[in-house]
Amino acid sequence: MSSPASPNRPPPPAINAHDAPRDPFDTPLFHRLLGLIEKQNDTIDEQKKTLSEHGTKLDALVNDARKDDLPYDEEQDPIGNEQLWSGVYEIASAKMKEEAEEWKGLMDVSLVFIAIFLAVLTAFLVPAAQALNPSPGIRTPSNSTSSPPPLPPQSDQNVCAFYYLSLIMAMCNAVLCVLGRQWVGKLLSRPSGKTHRERTMRYEARKKLAYGWIKPLVAVLYWSLLFSIGLFIAGLLYQLRNLSISFDQTTPVLETTWGLGIVLAAMLIATIAATTIHAIRFESSPFEGILSGFVVKIVRRSEKRWKWINKYRVSVDWNSLKGGGALFKTYMEIIAEANDPKLLDRVAPSFSYFAWVKCGEGAMETLERAYNRLMASDTSTRVRETVRAQISRFAKICREDPWLVRDELGKNDLSNFLHDRYSLPSQFPAWATIASFSKNNRDLHDIGALPVDKCIAQILCTYDQNRQLGYRRQIFEAAVHHCRSLLAQGNEDDVVRILSHVVRLSFVRSYMRAPDLWFNVSNDFLTFLVRDSRAEILIHVNEFLEDPPSNVNHYHVFHILFALLYPEPARPLGIDLSPVIAFVTHRLHQSFWAQISDSLVLYLGECDLSALSDPTAVLQLLQLCVDPDSLDEDGNRLLTTEETRTRARDILNTLQAQGIPLPPSCPSFPSLSRDGALPNDPLFAEMSSKSPPAMIELQAVQSWDGPSRRLSTSSVHIEMATLKQ
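For what it's worth, the numbering used here labels the leading residue of the sequence shown as 42, then goes sequentially.
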């Protein structure tokens with residue numbers, strides 16, 4: 042029951058569906074905004090598609106504009122490419138057409154000359170033939186039973202024989218010319234075949250067969266025409282001779298004409314013989330002809346045995362060689378003889394070193410001829426770039442499938458061929474990959490897989506290994522030369538970037554162990570190499586020379602020392618440089634002596650000499666500097682500056698004043714006498730008189746062993762103990 046005090050509340054109103062809470066986003070404005078966003082998304086998708094299409098078209102335009110400077114794409118199947126064989130067929134037919142035109146021109150000239158010659162010959166032949174018939178006045182009646190007319194004179198018969206033989210040979214020559222023109226026309230016709238490869242192989246087979254017949258035919262036409270003319274001239278001279286002696290008196294004019302004709306004919310024969318002999322004697326003779334070539338072939342084959350033909354007819358089975366060796370060999374030979382540079386644009390993509398290795402039937406000479414033709418100045422830039430790019434493509438195959446090329450590259454023929462044909466620096470990795478197939482060069486295979494800068498850096502350090510290495514001198518020289526060129530062009534940042542991939546000390550060790558280079562490394566490059574860490578590198582070289590390997594290159598060590606000690610010498614006073622000093626004194630070189638000796642003498646003047654481990658080498662260095670007649674290993678005078686000589690003499694005087702005895706120079710050095718006697722130097726005699734017995738004994742041992750003997754550690758300790766006593 043409700044409380045009486047509580048007021049009466051009205052009942053809650055009924056809830057209407059229209060009065061329910063509404064979604065604030067469910068508004069016409071928001072729906073309109075969603076529609077605009079959807080339209081914007083559709084527009085963006087269309088723009089993206091349009092931009093993508095425009096980008097593709099722009100790339101196509103760029104590639105089309107640069108296509109003449111870019112290499113062709115690599116052909117996956119060089120042997121089966123129909124476009125390749127289409128160009129090869131045109132090259133082969135163009136070459137054959139030139140030779141055929143030459144043959145047809147010779148035959149046409151022969152026909153014209155024969156026509157004129159026959160007219161002249163007939164004019165002489167008719168009177169000669171009439172002279173054989175009896176005179177009409179002495180002919181007997183037709184019904185007479187008398188004997189036939191007597192024989193004509195022998196001279197008249199001989200004249201007719203000459204003329205008739207000349208006429209017959211000239212007419213046979215004309216018939217052969219007509220037949221030859223027909224055969225040459227058949228040679229130029231398109232052979233049957235379904236593909237250009239089949240047509241090319243059939244065409245080459247037809248050409249080889251035609252060479253065996255048409256070339257000899259041309260020779261026959263040439264010599265038969267000459268022989269016909271020779272018979273006519275012989276008959277003419279013979280007739281003239283008979284005419285000159287047919288009178289009761291001599292005929293000086295006729296005999297002189299006959300003699301002059303004989304002389305001219307003899308000179309002509311002698312000229313032909315001399316030119317033929319010249320062509321046989323000299324291979325590059327300009328008089329080379331058919332006769333000389335025939336004689337040369339006979340001479341070359343005189344010791345060979347002839348073999349009979351097994352079958353009368355040999356069919357052309359162009360598809361029987363499945364390995365493709367004959368196909369690729371034909372391709373290379375035709376390319377090497379191509380005359381039209383435009384056709385090379387169609388065949389260049391199929392030029393492949395891997396195909397040459399895989400076929401295995403091509404000679405290196407053929408490959409070189411084809412390469413030189415493709416790289417000739419009349420070919421397009423795109424053809425040359427394609428041929429250059431084939432080296433990198435071949436190296437990629439060598440890295441991925443080395444077993445396919447190991448045998449061929451192990452012969453070094455292809456490696457030597459590619460040596461001068463790398464496009465550097467971009468093809469340093471390819472060079473390293475191909476060189477890795479040589480003996481003891483396996484480590485270069487991994488270097489060939491690196492980027493260009495890292496590859497060059499690793500090549501620079503390639504001799505820093507304690508094992509037997511294969512031949513890699515050329516690629517090392519090329520890497521050093523590349524760095525020198527960059528530095529000479531002012532591209533120091535590029536050199537720094539290359540050297541940043543390796544430790545510079547590794548390159549220093551590699552350089553000191555590398556064989557002699559074919560060029561002298563400029564001092565600027567080595568100075569740039571060591572400019573930021575002279576002291577560190579000098580300490581490392583000093584440790585390296587304490588126990589140098591057997592393959593150390595002394596000349597290269599002097600290069601490094603020269604860069605370290607000149608013009609800004611690194612002289613770490615707290616380091617014992619006795620190994621460096623001993624190396625300099627035992628391997629004297631005039632080219633480096635002045636600068637290196639100056640720096641080392643400065644070092645000796647500032648350091649504690651008693652702390653050095655090899656006082657003998659130190660004293661030898663000082664004596665070489667003081668002695669103006671010191672010579673290097675080649676007998677050249679060591680050029681020491683006066684300042685250095687004075688400073689070295691002061692150090693020697695200081696040692697003498699301190700009572701430190703000095704060992705004499707070794708007798709085999711040029712400053713000593715040849716018989717091993719001690720030099721007649723008052724200073725030396727005074728120092729020797731103060732030497733203790735132990736030092737004198739040590740000097741005697743050194744004098745007997747010569748300069749190549751290095752003091753052992755025990756000997757140095759004995760000497761130092763004697764000095765302290």
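Every residue, glycine too, gets a C-beta built ideally from N, C-alpha and C.
- Under the DSSP assignment, A635 falls in the alpha helix (DSSP H) whose first and last residues are Q631 to E647.
- For I500, the enclosing alpha helix (DSSP H) stretches over residues V493 to L501.
- DSSP places R678 within a strand segment (E or B) once states are collapsed to three.
- For W264, same chain residues with a beta-carbon under 8 Å away, outside a window of 5 residues either side, are I331 and L332 in chain order.
- When only Cα atoms are considered, L579 and S551 end up about 15 Å apart.
- Short of 7 Å from the beta carbon of D617, and not among the five residues preceding or following it, lie these beta carbons of its own chain, in chain order: A652, L653 and S654.
- A direct Cα-Cα distance of roughly 39 Å separates T427 from E87.
- In the DSSP assignment, P620 falls within the alpha helix (DSSP H) that extends over S619 to H627.
- By the Cβ criterion, the segment 526-545 is in contact with the segment 497-506, since at least three pairs of Cβ atoms, one from each stretch, lie closer than 8 Å.
- With three or more CB-CB distances shorter than 8 Å, the segment 394-409 counts as touching the segment 432-450.
- Taking all protein chains in view, the Cβ of A689 is crowded by 16 or more other Cβ atoms within 10 Å, so the residue is classified as buried.
- Rounded to whole angstroms, the Cβ separation of L455 and V521 is 24 Å, and the two are not in contact under 8 Å.
- Contact annotation: A519 and Y596 have beta-carbon atoms that are not nearer than 9 Å.
- Judged by beta-carbon spacing, A367 lies beyond the 9 Å limit of R414, meaning their Cβ atoms are not closer than that value.
- In the three-state reduction of the DSSP assignment, L102 falls in the helix class.
- The three-state secondary structure of L672, taken from DSSP, is strand.
- Contact between R425 and M416 holds: CB atoms are separated by about 6 Å, below the 8 Å threshold.
- By the neighbour-count criterion, in which a residue is buried when 16 or more other Cβ atoms sit within 10 angstroms of its Cβ, G221 is buried.
- Note on geometry: alpha-carbon atoms of D691 and A476 lie some 55 Å from one another.
- Taken in chain order, the whole beta strand (DSSP E) runs of length 3 or more contained in the segment 524-598 number zero.
- For Q697, the enclosing alpha helix (DSSP H) begins and ends at E683 to A698.
- Between the C-alpha atoms of I438 and M373 there is a straight-line separation of about 21 Å.
- The C-beta separation of R440 from A404 comes to about 27 Å, leaving the pair out of contact by the 8 Å criterion.
- L152 and A215 do touch by the CB rule: their CB atoms are close to 6 Å apart, below 8 Å.
- Distance from the Cα of L570 is smallest, within the candidate group I274, R525 and A473, for R525.
- Ranked by Cα distance from D649, the first of M308, P168, E584 and T695 is T695.
- Between R545 and D505, the CB-CB gap reaches or exceeds 9 Å.
- In the DSSP assignment, D197 falls within the unbroken alpha helix (DSSP H) covering Q195 to L228.
- Nearest in C-alpha terms to K138, of all of K98, P112, R387 and E245, is E245.
- S638 places its beta carbon less than 9 Å from that of L662.
- D419 and K383 have their C-alpha atoms roughly 9 Å apart.
- A residue is called buried once 16 or more other Cβ atoms fall within 10 Å of its Cβ, and P168, having fewer, is exposed.
- Less than 9 Å divides the Cβ of D673 from the Cβ of H630.
- In this structure, F154 is the residue among T298, A314 and F154 with its C-alpha nearest to the C-alpha of L266.
- A141 has its alpha-carbon roughly 32 Å from the corresponding atom of C400.
- Using a Cβ distance threshold of 9 Å, T371 and V129 count as a contacting pair.
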